[in-house]
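Report on the following structure.
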Amino acid sequence: MSALDLSARALVAATSTGELSPVEVIDDLARRVSGVATELNPFLAIDLDTARDTARSLQERPPEERGALHGLPLPLKDLERTADLPTTFGLSFPLAPDAPRTDGSFAARARAAGAILYAKTNTSAFGHKDVTENLIVGATTNPWDTTRTPGGSSGGSAALVAAGVAPVAHGTDAGGSVRFPASMVGVVGFKPSFGRLPRIPAPDLWAARGHHGFLANDVADIAFLMDALSGQDLRDPLSPAGSWRALPAAKAPRALYVETMFGQDVDVDVRRVMDEAIDALVEAGVDIRRGRIEWDDPIADGNIPMVAREWRLLGARAEREPELFDASHLEQIRAGAAVTADDLMRAQESRTKLYGAAAALFEDYELLLMPTMPLTAWRWDDEHPAINGVPTERGPGGRWMDVLLGNLTGWPAISVPCGWSKGLPVGLHITAAPLHDFACIDAAARFEEILQFTRPALPAQAATKR
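First residue of the sequence shown: 1, per the UniProt record's numbering; consecutive thereafter.
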């Protein structure tokens, strides 16, 4: 058995007691990486030599100086800055070539806790779309079918966890980018409340949508990482004081299940999987009401501040050297050129209206349930995968619109695998009230136990050498 077959919590327990050495873990990692690097293309950067040096240093620490993540190999999505690995943000050119390399707040905490930050995982440029590809290394593929995408933009991290290379991985989520890759590869993906995992540096901490998050094989490892890495940072104005466990979970939470909030269609077989999962939860005693929500679509307005910010940062370069950008990113950047002050105010008003509607809903329920994605993984080169025969769009109002609720409100949300559709995984999405991260994770753990999602052996082309 490889060290990488352990959960993150079991691996850290073994390295902390000396049952396993961090160097042994990195040696196991090196063997696994060789198989997936070509088939799945999950990395933008990897440095196993430095990782092995770090492991030796950790191995020499006395027990009392070993951190909460001692010896845990942790790949980071390449939207988080790192001091010892290049940070590209998925761009084909250096964003700030003269800036010194430093750790972002997440990387700094993980490193201080004893994690080994050995790789940067693939992402689309600035995480702008729901597949994981860029002009640097191309597309990451799905371990369950390497002709398909793992989703995006945390697809590199998701693929590593699903393929058994990483027990856990870091991701970022400004519009579902942790949760729907989790759904599409059959792992757990969690986006906590705003500020639970502080985001420093960031260009706009007040009107933000972005979150750090985690991908893991089970919910218990998500809780383990939250215990190790969450906490207030006064530099982040949205970072709350107190433990993520401070607000208790209801013993019998009331949940509302909806297929969609904004009128999106759902694939007929995904609907079947979801119906079976909800029926199983109800049979096990979970209080779930089926209902409908017909809110005004806030998504187009929700994207306005983001495209305006990208135009401000990248517009001049995009107009001068458009060949440096892929077509979808160029389209998004240029959309920011037309944004007016009135547009920005309307976007904030739309977001406020959505928050109020969601808050009113949570007066009657503790949890909101829905499909994480309305379809399963599609071919990575298909720009318009169909739902029930109708081609979908990538952008606002497209196939990922419902999960954006968690980003516009900042509320905790998690995707847990709940079944299979034609050989591809399907995720159940759970949203809880603001700062009720414990309630969200507690419900996910209970649902995970009831649903008993099992993964068959991976297809040969994506399987690691165990």
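Ideal placement from N, C-alpha and C gives every residue a C-beta, glycine not left out.
7 Å CB neighbourhood of V137 in its chain, flanking five on each side removed: The beta carbon of V137 sits closer than 7 Å to the beta carbons of N41, L44, N122 from its chain, once the five residues preceding and following it are set aside; these are given in chain order.
Candidates A255, V270, A228, L69, of which the one nearest A444 by Cα: A255
Reduced DSSP secondary structure (H/G/I, E/B, other) of P22: In this structure, DSSP gives P22 a helical state, which the three-state scheme calls helix.
H128 (DSSP reduced to helix, strand or coil): coil
Cα-Cα separation, T365 to F214: The sequence shown places Tyr at residue 365, rather than the Thr named in the question. Distance between the alpha carbons of Y365 and F214 is about 25 Å.
Residue nearest to L369 in terms of C-alpha spacing, selected from I288, G410, R346: I288
The stretch 409-424 touching the stretch 181-190, judged by at least three CB pairs closer than 8 Å: yes
Euclidean distance between Cα positions of L117 and L95: 22 Å
Rounded straight-line distance, which links the Cα of V307 to that of W380: 24 Å
When D279, T147, D84, V12 are compared against R290, the one with the closest alpha-carbon: Nearest of D279, T147, D84, V12 to R290, Cα basis: D279.
Nearest to G107 (by Cα), restricted to the options G127, L74, F447: Contrary to the premise, residue 107 reads as Ala rather than Gly in this sequence. Nearest option by C-alpha distance: L74.
Inter-residue CB distance, S239 and W411 (contact presumed, cutoff 8 Å): About 15 Å; that fails the 8 Å criterion.
Cβ-Cβ separation, S157 to H170 (assumed contact under 8 Å), whole Å: 6 Å
Sub-8 Å separation of D173 and H128 beta-carbons: Remark: C-beta atoms of D173 and H128 do not approach each other more closely than 8 Å.
Nearest-angstrom Cα separation, counted from L451 out to M345: 44 Å
Residue span of the alpha helix (DSSP H) that contains H70, given as start and end: Run containing H70: none; DSSP gives neither H nor E here.
Alpha-carbon to alpha-carbon, E319 and T102: Approximately 29 Å between the Cα atoms of the pair.
Euclidean distance between Cα positions of A8 and P62: Cα to Cα, the separation comes out at about 21 Å.
Enclosing beta strand (DSSP E) for V165 [first to last residue]: Note, V165: premise wrong, no beta strand (DSSP E); not H, not E.
Whole-angstrom C-beta distance between L424 and T372, which should lie under 8 Å: Actually they are not in contact, since the Cβ atoms of T372 and L424 sit about 13 Å apart, beyond 8 Å.
Residues near G315 in its chain [Cβ-Cβ closer than 7 Å; skip 5 each side]: Around G315: I333, G336, A337.
First and last residue of the uninterrupted alpha helix (DSSP H) at D442: 437-451
Cβ-based neighbour list, D343, same chain, cut-off 7 Å, excluding 5 preceding and 5 following: I304
8 Å Cβ cutoff met for G114 and L160: no
Best match in S328, T87, V390 for proximity to D78 [C-alpha to C-alpha]: T87
Proximity below 8 Å, CB of F262 to CB of W295: yes
Residue(s) in a DSSP beta bridge with V426: G419
Option nearest G427 by Cα separation, candidates R271, L458, G104: Comparing Cα-Cα distances from G427 to each of R271, L458, G104, the minimum goes to R271.
Euclidean distance between Cα positions of G406 and P167: 25 Å
Contact check, L313 vs P322, beta carbons under 8 Å: no
Residue from L69, P100, L72 with nearest C-alpha to D84: Nearest option by C-alpha distance: P100.
Presumed contact (8 Å Cβ cut-off) between A228 and I222, rounded CB distance: Incorrect: roughly 11 Å between the Cβ atoms, too far for contact.
G242 versus A439: straight-line alpha-carbon distance, rounded: 15 Å
Proximity below 8 Å, CB of K120 to CB of L76: yes
Residues bridged to F224 [DSSP beta-bridge criterion]: Answer is none; F224 lacks a bridge partner.
Collapsed DSSP secondary structure at G213 in the structure displayed: strand
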